[in-house]
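Worksheet: one structure, shown below.
Residue numbers (full-length UniProt numbering): 1 to 237.
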């Protein structure tokens, strides 16, 4: 059986895709984290440096992809930039495929973004790899319940949506938070799972992780958006 790779940021969506792949018995042998420079159409951007701790906790080797840039200055529109952002990831996976004699499958944490999923699906076709996207088109409330039922502990590390203030930074995404997000969805249209970058997360503990990620942080607030400033992070004994 050919090895699998899991596109991984440490956030809830990619972590859930990895967890479900392992549950299904897929042989995930490499996590792949892309570290964008600045904003990105394709990738989760905050706190990706913590993916290495999450990978260590899962016991799966991590491949970091650190492009100097995505050729964004040459992109004529968002579609062209999305294509440019995919290129360094695809090159990294092509190298793995050469090393392994092929890639069996790729996991992705896409929920509703056709922009992302269509590009990843096309990449998988070119690699002759299966795409495993267990969150795709699922009801966000059902997904949130499944993550919490499974024992995921999820910390909000960035917010950028009307209705989300500084008090959400560092907050645990628990059932009370989901209820509040549901109300904010009705009032402001905030997506319950933060799809589209309304908020970003880090999974600090889950069943497939051997040790919990501990954080020390401050907060940075910039009027209508903010993020955690990670001062220290480590795996608990």
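Every residue gets a Cβ at the ideal spot worked out from N, C-alpha and C, and that includes glycine.
The three-state reading of DSSP puts residue 132 in strand, counting E and B together.
If you look at residue 24, you'll find it isn't in any alpha helix (DSSP H); DSSP assigns it neither H nor E. By the CB criterion at 7 Å, residue 5 and residue 34 fall outside the cutoff.
By the Cβ-count criterion, residue 118 is exposed, with fewer than 16 other Cβ atoms from all chains shown falling within 10 Å of its own Cβ.
By the beta-carbon neighbour count (other beta carbons within 10 angstroms, threshold 16), residue 84 is buried. Taking 4 residues as the shortest admissible run, the stretch 136 to 224 contains the following complete alpha helix (DSSP H) segments, listed from N- to C-terminal end: 140 to 150, 175 to 188.
With respect to residue 193, residue 140 sits close: the two C-beta atoms are nearer than 7 Å.
Relative to residue 153, the option among 98, 218, 88, 202 whose CA is nearest is 202. Cα atoms of residue 125 and residue 22: separation of roughly 22 Å, rounded to the nearest angstrom.
Taken through DSSP and simplified to helix, strand or coil, residue 230 comes out as strand. Counting along the chain, the unbroken beta strand (DSSP E) around residue 64 starts and ends at 62 to 65. Assigned with DSSP and collapsed to three states, residue 57 falls in helix. By the neighbour-count criterion, in which a residue is buried when 16 or more other Cβ atoms sit within 10 angstroms of its Cβ, residue 220 is exposed. For a cut-off of 8 Å, the C-beta gap from residue 150 to residue 88 is around 32 Å, too long to register as a contact. In the structure shown, the three-state DSSP call for residue 6 is strand.
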